[in-house]
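Asks: After the structure tokens below, expect a handful of questions from me.
Protein chains: 2
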Amino acid sequence: MKLDDLPTPCLVLDRRRLARNLERMVSAVALLGVALRPHMKTAKSADVARLALPEGGGLTVSTLAEAEYFLAHGFGDIILGAAITPQKLDEVARLNAAGGQIRVVTDDADMAAAIARHPGGVAALIEIDCGEGRSGIGADDPVLLVIASQLGERLAGIFTHAGHSYAARDRAALTAIAMRERHDAARAAGRLREAGHDCPIVSIGSSPTALISGDTAGITEMRPGVYMFGDLFQAAIGTHTRDDIAVTVLASVIGRRPAERRLLIDAGSLALSRDRSTQATAQDCGFGLVLDAGGEPSLGETHVARLWQEHGLVELQSGAVEGFAIGSRLRIAPDHTCLTSAAHDRYYVVDGGEEVVAVWPRINGW
Amino acid sequence: MKLDDLPTPCLVLDRRRLARNLERMVSAVALLGVALRPHMKTAKSADVARLALPEGGGLTVSTLAEAEYFLAHGFGDIILGAAITPQKLDEVARLNAAGGQIRVVTDDADMAAAIARHPGGVAALIEIDCGEGRSGIGADDPVLLVIASQLGERLAGIFTHAGHSYAARDRAALTAIAMRERHDAARAAGRLREAGHDCPIVSIGSSPTALISGDTAGITEMRPGVYMFGDLFQAAIGTHTRDDIAVTVLASVIGRRPAERRLLIDAGSLALSRDRSTQATAQDCGFGLVLDAGGEPSLGETHVARLWQEHGLVELQSGAVEGFAIGSRLRIAPDHTCLTSAAHDRYYVVDGGEEVVAVWPRINGW
């Protein structure tokens, strides 16, 4: 099967780029002397997980559906990274009884008490806010010890995520965020130990901060995720280059307006997502960068300028619209690969060429 | 099963509101004296289609996956509304050979020739641009007759969509768009007939324009879709009221920050979509309007202010964060129900209350 044989729109995963991205992160994290616990919320694929962890190890997931799926595919050591609710504990306990070792995350004293009360024996990490301002408590917040006491024997460690690293626009700012992430996690872990608690796991990481070298004293693991595939946003903030973007959307030309130098493609809001992350960077790519059918940037800075549910508007920067027949193929590099990939139920895998060498399913939903 | 028993995030469909919305459109289109060919790209559900067409009839779909699904559920009379490519004709022909009567749409002379050459005998409508500027040719464009000649016996009629009706902000502007939509479609059909072609179908319609009364001479059918569920954007432009919004996302509180009067919920970019249509209206609702667990607007103008992949940030306008335990439920009315619904694989159906009376699957993907 060739790319030309595929129905459009669909996801194409370049396994050579994926392998390069994975190796780079394995090396970076090894240099930092910590374990890699990749976040599978981007790839949502056991095939990708096996490549990301060639020697095995633990994963991070964002949903119970992912936890169940990865456990069924042999990955039992899991942190469920989105804060847990009382109602979800039953399912976690069920999966753990089936062989999983799924740990959950909380930043709430009442929830910690619910975890401790739950008969399933689910272990939890305490979430620290290292500056993102989304979830977690401060590393010096007195409630840290309250939550730890509530958890008691269920306390498994400290968890933080420097998601605000995505807002850094230079190396100095990014390095400062990475150092704060490490410091706050280690500081919170130290406070727990001073109070007599065990704190075996000190888990941090985002794709940008995991690549920053420097002191990781007190840190046990890193949880990057988007590094596997990369996207235009990560390229714009310098986490990788555009040539590292491993996932693109294959689309067909369904309309053309020569006078306006416009094409319509069959990848719209559903196939690409409405994420426009690059708008906040110096490299605004609209709703995606348009590549040729081989995935090469031969169309220059041609972007998807507008989206409807199943239509995307391509504004050509060079070349004539007449060069594109109805049905001809383009590839779209996404602004935010996590959201674009989530619209699709599978990857059509290539090794850089036109031959589809594998089809890998994804686990979407909740 | 009650709403409280459901895993979150998930879609809740209020069948009473759905029925009211469906009846309103059936009446409006009957008054116009045309057939209703509802667009199923919003609901993507055979259960909804059966209610939308209590006496049977044709449907509109946006993908081949929808066409296959609805044919399998007894709806064979289908227009595939997104412009066709040569590669997709084989699948249309296969479905037609299996009992379907699927017609396609084109605005391209080369594509029309490909349709005429295809052995499957697929019929096509010619797409007219009545002012949206997305796809289609002008009603007076000379190429109309070229395309018609290319199609020959495969010509099934005229097709247009006043998608720019969504940009109208007052009744006068909307009425003008509706009249232009009807005029341009009838004008193009008239030109075809003058040139000796049959033009049995003259298909128009968007949810806002279908509700505008007035002359529909020459029009055979209307294709509204989003009217079934409604959303905050349609409420903001006056197509219906907020009380008509039939689909909401059920979410759980997973975090709370009393000092900032903020809650975190487990509905993020994936469960809600990143569509922010209401930003372009006088009623910006962020990424969604926050309702209580019963679906009532008791929280006032409380919005989802920010999204991450699996986290949504709720900024409370009144009431204390402490009133919301971790795990308590909220419902989110979406900006754009087509995109929000597409993130989910099923509807949990209620009749206005807490009891889940049915579970209806959706057909996503391509």
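As you go down the protein sequences, you meet chains A and B in turn. Residue 1 is where the first sequence starts when you use the numbering used here, and the numbers rise one by one after that. Residue 1001 is where the second sequence starts when you use the numbering used here, and the numbers rise one by one after that. From the three backbone atoms N, C-alpha and C, an ideal C-beta is built for every residue, glycine too. These numbers come from a predicted model, not from an experiment.
#1: Would you mind giving the Cβ-Cβ distance between B:LEU1155 and B:ASP1198, rounded to the nearest angstrom? I have them listed as a contact below 8 Å.
#2: If I measure Cβ to Cβ from A:VAL202 and keep anything under 7 Å in the same chain, skipping five residues before and after, which residues do I get?
#3: Are the CB atoms of B:LEU1036 and B:MET1228 nearer to each other than 8 Å?
#4: Between A:PRO224 and chain B, is any beta-carbon pair separated by less than 8 Å?
#5: In three-state DSSP terms, what is A:LEU11?
#6: Locate the alpha helix (DSSP H) running through A:PRO208, then write down its first and last residues.
#7: Report yes or no: do the region 1330–1337 of chain B and the region 1347–1356 of chain B share at least 3 C-beta pairs separated by less than 8 Å?
#8: Take A:LEU195 and list the residues in its own chain whose beta-carbon comes closer than 7 Å to its own, dropping the five residues that flank it on each side.
#9: What are the boundary residues of the alpha helix (DSSP H) that B:LEU1145 is part of?
#10: Let me check one thing: in DSSP terms, what residues is A:PRO361 bridge-paired to?
#11: Tell me the DSSP bridge mates of A:THR367?
#12: Tell me whether B:GLU1260 is buried or exposed, calling it buried when 16 or more other Cβ atoms sit within 10 Å of its Cβ.
#13: Please list the residues of the region 263–278 of chain A that have a C-beta atom closer than 9 Å to any C-beta atom in chain B, keeping them in chain order.
#14: Please list the partners that A:ARG338 has in chain B, where partner means a Cβ-to-Cβ separation under 9 Å.
#15: Which residues mark the beginning and the end of the beta strand (DSSP E) in which B:ASP1077 is found?
#16: According to a CB-to-CB cut-off of less than 7 Å, which residues of the region 100–133 of chain A neighbour chain B?
#17: Leaving out five residues on either side along the sequence, give the residues of the same chain with a beta carbon under 7 Å from the beta carbon of A:SER135.
#18: Is the beta carbon of B:PRO1208 sitting closer than 8 Å to the one on B:LEU1232?
#19: Using the Cα positions of A:ALA172 and A:ILE212, report the straight-line distance between them to the nearest angstrom.
#20: Can the beta-carbon of B:ARG997 be found less than 8 Å from the beta-carbon of B:LEU1003?
#21: Looking only at its own chain, which residues have a Cβ that is under 6 Å from the Cβ of A:GLU132, when we skip the five neighbours before and after it?
#22: To the nearest angstrom, how far is the alpha carbon of A:GLY365 from that of B:HIS1344?
#23: When you compare the CB of B:ASP1345 with every CB in chain A, is at least one pair closer than 8 Å?
#24: Please say whether A:ARG274 and B:ASP1275 have beta carbons closer to each other than 8 Å?
#25: So which residues of chain A does B:CYS1041 contact, with C-beta pairs closer than 8 Å?
#26: State the DSSP-derived secondary structure class of A:MET111, mapped to helix, strand or coil.
#27: Using a Cβ-Cβ cut-off of 8 Å, state whether A:THR85 counts as contacting chain B.
#28: 8 Å is my cut-off, CB to CB: does B:SER1203 come that close to chain A?
#29: For B:ALA1342, return the contacting residues in chain A, with the cut-off set at a CB-CB distance below 7 Å.
#30: Might you give, ordered along the chain, the residues of its own chain that have their beta carbon closer than 6 Å to the beta carbon of B:PRO1297, omitting 5 neighbours on each side?
#31: For the region 1234–1299 of chain B, list the beta strand (DSSP E) runs that are entirely contained and at least 3 residues long, ordered along the chain.
#32: B:GLY1327 and A:THR85 look like a contact to me (Cβ under 8 Å); what is the Cβ gap, rounded to whole Å?
#33: May I ask you to verify whether the region 236–243 of chain A touches the region 251–259 of chain A, counting CB pairs closer than 8 Å and requiring at least 3?
#34: Report the residue from B:MET1222, B:ARG1191, B:LEU1151, B:ASN1021 whose alpha carbon sits nearest the alpha carbon of B:ALA1178.
#35: As an exercise, report each continuous alpha helix (DSSP H) stretch of at least 4 residues that is fully enclosed by the region 148–221 of chain A, in chain order.
#36: Just checking: is the beta-carbon of A:ILE254 within a distance shorter than 8 Å of some beta-carbon in chain B?
Replies: Taking the coordinates as given:
#1: Translated into the one-based positions of the second sequence, residue 1155 of chain B becomes position 155. Translated into the one-based positions of the second sequence, residue 1198 of chain B becomes position 198. That belief holds up - the Cβ atoms of B:LEU1155 and B:ASP1198 are roughly 7 Å apart, short of 8 Å.
#2: Position 202 of the first sequence, counted from the first residue, corresponds to residue 202 of chain A. Cβ neighbours of A:VAL202 beyond the five flanking positions: GLY157, ILE158, ALA185, ALA186, ALA189, GLY218, ILE219, THR220.
#3: Translated into the one-based positions of the second sequence, residue 1036 of chain B becomes position 36. Translated into the one-based positions of the second sequence, residue 1228 of chain B becomes position 228. Taking 8 Å as the Cβ cut-off, B:LEU1036 and B:MET1228 do not qualify as a contacting pair.
#4: Counted from its first residue, the first sequence places residue 224 of chain A at position 224. Answer no: the Cβ-Cβ gap between A:PRO224 and chain B never drops below 8 Å.
#5: Within the first sequence, the letter at position 11 stands for residue 11 of chain A. Residue state, collapsed to three classes: strand.
#6: Within the first sequence, numbered from 1, the residue matching residue 208 of chain A stands at position 208. Note, A:PRO208: alpha helix (DSSP H), 207–210.
#7: no
#8: Taking the first residue of the first sequence as 1, we reach residue 195 of chain A at position 195. Before going on, a small fix: residue 195 of chain A reads as Ala here, not Leu. Cβ neighbours of A:ALA195 beyond the five flanking positions: LEU145, ALA148.
#9: Working through the second sequence from its first residue, we reach residue 1145 of chain B at position 145. Its alpha helix (DSSP H) spans residues 1143–1151.
#10: If you number the first sequence from 1, residue 361 of chain A lands on position 361. According to DSSP, which records beta bridges pairwise, A:PRO361 is partnered with A:ARG346.
#11: Here chain A has residues from 1 to 366 only, and residue 367 of chain A is not among them.
#12: Counted from its first residue, the second sequence places residue 1260 of chain B at position 260. With fewer than 16 other Cβ atoms within 10 Å, it is exposed.
#13: Hits within the stretch, in order: LEU264, ASP266, GLY268, SER269, LEU270, ALA271, SER273, ARG274, ASP275, ARG276.
#14: In the first sequence, counting from the first residue as 1, residue 338 of chain A sits at position 338. Here the sequence assigns Cys to residue 338 of chain A, which means Arg is not the residue at that position. Chain B residues near A:CYS338: SER1269, LEU1270, GLN1309.
#15: Start at 1 with the first residue of the second sequence, and residue 1077 of chain B comes out as number 77. Segment 1077–1080, the beta strand (DSSP E) holding B:ASP1077.
#16: ASP107, ASP108, ASP110, MET111
#17: Counted from its first residue, the first sequence places residue 135 of chain A at position 135. Only ALA83, ASP107, GLU127, ASP129 meet the Cβ criterion.
#18: Your numbering for residue 1208 of chain B matches position 208 in the second sequence. Your numbering for residue 1232 of chain B matches position 232 in the second sequence. No; because the gap between Cβ atoms is not below 8 Å, this pair is not in contact.
#19: Position 172 of the first sequence holds residue 172 of chain A. Position 212 of the first sequence holds residue 212 of chain A. About 10 Å.
#20: Nothing about residue 997 of chain B can be read from this structure; chain B reaches only from 1001 to 1366.
#21: Taking the first residue of the first sequence as position 1, residue 132 of chain A is located at position 132. The answer, listed in chain order, is GLY163, HIS164.
#22: Locating residue 365 of chain A in the first sequence gives position 365, where the first residue counts as 1. Locating residue 1344 of chain B in the second sequence gives position 344, where the first residue counts as 1. Spanning the two alpha carbons is a distance of roughly 7 Å.
#23: For the purposes of this step, residue 1345 of chain B is identified with residue 345 of the second sequence, where counting begins at 1. Answer yes: the Cβ-Cβ gap between B:ASP1345 and chain A drops below 8 Å somewhere.
#24: Taking the second sequence and counting its residues from 1, the one referred to as residue 1275 of chain B is at position 275. Taking the first sequence and counting its residues from 1, the one referred to as residue 274 of chain A is at position 274. Going by C-beta atoms, B:ASP1275 is nearer than 8 Å to A:ARG274.
#25: Along the second sequence, one-based indexing puts residue 1041 of chain B at 41. Looking at the sequence shown, residue 1041 of chain B is not Cys but Lys. In chain order: GLN309, GLU310.
#26: For this step, residue 111 of chain A is matched to residue 111 along the first sequence. Note: A:MET111 maps to helix in three-state DSSP.
#27: Here residue 85 of chain A refers to the residue found at position 85 when the first sequence is read from its first residue. Yes, because at least one Cβ of chain B sits closer than 8 Å to the Cβ of A:THR85.
#28: Translated into the one-based positions of the second sequence, residue 1203 of chain B becomes position 203. Closer than 8 Å: no.
#29: Translated into the one-based positions of the second sequence, residue 1342 of chain B becomes position 342. Correct list: LEU270.
#30: One-based indexing of the second sequence puts residue 1297 of chain B at position 297. Hits under 6 Å: LEU1291.
#31: Under the rule that a run must span 3 or more residues, the beta strand (DSSP E) segments found entirely inside the region 1234–1299 of chain B read 1247–1257, 1262–1265, 1289–1291.
#32: Taking the second sequence and counting its residues from 1, one reaches residue 1327 of chain B at position 327. Taking the first sequence and counting its residues from 1, one reaches residue 85 of chain A at position 85. B:GLY1327 to A:THR85, Cβ: 4 Å. Contact.
#33: The region 236–243 of chain A vs the region 251–259 of chain A: no contact.
#34: Within the second sequence, the letter at position 178 stands for residue 1178 of chain B. Of B:MET1222, B:ARG1191, B:LEU1151, B:ASN1021, the residue nearest in Cα terms is B:MET1222.
#35: 171–194, 207–210
#36: By one-based count along the first sequence, residue 254 of chain A stands at place 254. Interface residue, yes.
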